[in-house]
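Numbering (my numbering), first residue to last: 4 to 115.
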């Protein structure tokens, strides 16, 4: 699972949100390393919806419509699988000492 997609699931795991809030929460969570654009975020949300990982509802707030996305049970399961995979990867990097080398250059080549 791509890291940016994982962070979208992570944000929605914390609770329902609309696109703008998801993008800002991903940015905060990653300390600015991953800042999904609308051109990347909304296709991801559509893919998740088509795959049964999220559902969406239209809300009207201050006279404006917005779509609010909520994880399904399948989405929560996918998040748990992704979390396990990233934890395994982190452990592997830490055990080999590579994480320390990468941490010294954090922010230089941050890609999401």
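Heads up, the beta-carbon is just placed ideally off N, CA and C, and yes, glycines get one too. Note that the structure is predicted; figures quoted are calculated from it, not measured.
What separation, rounded to the nearest whole angstrom, lies between the Cα atoms of residue 82 and residue 65? 32 angstroms
Have a look at residue 99 and residue 63 and give me their C-alpha separation to the nearest angstrom. 51 angstroms
Closest to residue 1 by C-alpha separation, out of 6, 19, 11, would be which residue? The structure shown does not extend to residue 1, since the chain is modelled only from 4 through 115, so no value can be given for it.
Within the same chain, show all residues whose beta-carbon is closer than 8 angstroms to that of residue 72, passing over the 5 residues directly before and after it, in chain order. 15, 19, 20, 21, 22, 25, 48, 51, 52, 57, 58, 59
Proximity winner among 45, 91, 86, 84, relative to residue 69 (alpha-carbon distances): 45
Determine whether the beta carbon atoms of residue 10 and residue 89 lie at a separation below 8 angstroms. no
DSSP three-state label for residue 75, please. coil
Taking the alpha-carbon positions, what's the residue 31 to residue 5 distance? 18 angstroms
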